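Numbering (the working numbering), first residue to last: 29 to 295. Everything below concerns the one structure shown next.
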Amino acid sequence: MDEYFVYIDEAGDEGFGKLASTNKGGQSNWLLLGGIVVSRENDCHLPQWRDEIMDAFPFKRRRDLHFNKLRHEQRVAACRMLSTKRFGACVVGSDKTTIPELRPDLLKIYKSKGHLYNYLVRYLLERLTSACVDKSNGRNCRITVTFSKRGGTDYEVMRDYLFLMRDGKEVIRPVRSIDWTALHPEDVKVEDHSNRAGLQLADVVTSATYAALEENMYGDNETRYASLLRSRYIRTKDKRLRNCGLTIVPSTSFSKPNVRHLLEILE
Numbered sequence: 029m030d031e032y033f034v035y036i037d038e039a040g041d042e043g044f045g046k047l048a049s050t051n052k053g054g055q056s057n058w059l060l061l062g063g064i065v066v067s068r069e070n071d072c073h074l075p076q077w078r079d080e081i082m083d084a085f086p087f088k089r090r091r092d093l094h095f096n097k098l099r100h101e102q103r104v105a106a107c108r109m110l111s112t113k114r115f116g117a118c119v120v121g122s123d124k125t126t127i128p129e130l131r132p133d134l135l136k137i138y139k140s141k142g143h144l145y146n147y148l149v150r151y152l153l154e155r156l157t158s159a160c161v162d163k164s165n166g167r168n169c170r171i172t173v174t175f176s177k178r179g180g181t182d183y184e185v186m187r188d189y190l191f192l193m194r195d196g197k198e199v200i201r202p203v204r205s206i207d208w209t210a211l212h213p214e215d216v217k218v219e220d221h222s223n224r225a226g227l228q229l230a231d232v233v234t235s236a237t238y239a240a241l242e243e244n245m246y247g248d249n250e251t252r253y254a255s256l257l258r259s260r261y262i263r264t265k266d267k268r269l270r271n272c273g274l275t276i277v278p279s280t281s282f283s284k285p286n287v288r289h290l291l292e293i294l295e
């Protein structure tokens, strides 16, 4: 049986109260969930990959990699080094600015604690389980998923949601579904970011993508980090990135200039 290990982190927040605008504070316009997936063979190499990055920063004494604590040149170096490693990357992002206008009927639901996060979890696991099953090419496979622990997230509710989907009890059936032959809700774990190298590397991938989508205080996006990781985003059998290695919710956001620019760089 083939075994795969998935590590998931997030960037941005769920809030809708006051979305950020240029030169003004507020909650993020984007919420991203990103995961890296490795085979059992490469899972044991993750601490070494993380240490190689940290060793490039001689004044970083801790073995705890946080993308948002790195300077620009360190982020570039981290992404460049990580781009040479054998893993797959998958990121799902919600453009929160579009939800009040496109789905005002669902805004109250999305504002509920954990709802948007869990919604993106489903999208992410659909794509990751599909990629692992395709990679196994007819062989049985099993996936273990580890989430980075975040404050305010009820992981018991998330697990209940996974069981609900697995048992086919959703009110509205999704177009795609998680491949439950490869993933069992019992194999979903939660750990502190500092305890697992895989979570720290997932943070790099997710934050690199986030920088390309979320404008900074000057109204700019930074695409260099994601461009360095281009070869690591998973793709369909016909080499398509969209709705595989990079998924945007709602899909109409693909028409936005910053999203189009990111796709041009990654495809």
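By construction, the Cβ of each residue, glycine as well, lies at the ideal position given by its N, Cα and C atoms. None of the values given here were measured: they were computed from a predicted structure.
Between Arg270 and Glu295, the C-beta spacing is below 9 Å.
About 17 Å separates the Cβ atoms of Leu144 and Ser176, ruling out a contact at the 8 Å cut-off. In its chain, beyond the 5 residues on either side, Asn249, Thr251, Ala254 and Leu290 have a beta carbon closer than 6 Å to the beta carbon of Ala240. Under the three-state reduction of DSSP output, Lys97 falls in the helix class. Listed as beta-bridge partners of Ser67 by DSSP are Tyr32. Non-local C-beta neighbours of Arg194 in its own chain, meaning closer than 7 Å and more than five positions away in sequence, comprise Trp208 and Pro213, ordered along the chain. Following the DSSP letters along the chain, one finds Pro213 in no alpha helix (DSSP H) but inside the beta strand (DSSP E) bounded by residues Leu211 to Glu219. For Thr172, the enclosing beta strand (DSSP E) has its first and last residue at Cys169 to Ser176. In this chain, the alpha helix (DSSP H) harbouring Gly226 covers Ala225 to Leu241. In the structure shown, Glu38 falls within a strand segment according to DSSP collapsed to helix, strand and coil.
Looking at the DSSP output, Cys118 shares a beta bridge with Gly63.
Beta-bridge annotation (DSSP): Ile276 is paired with Gly121. Distances from the alpha-carbon of Tyr151 to those of Asn286, Thr280, Phe282 and Leu274 put Leu274 closest. DSSP, read as helix, strand or coil, puts Arg187 in helix.
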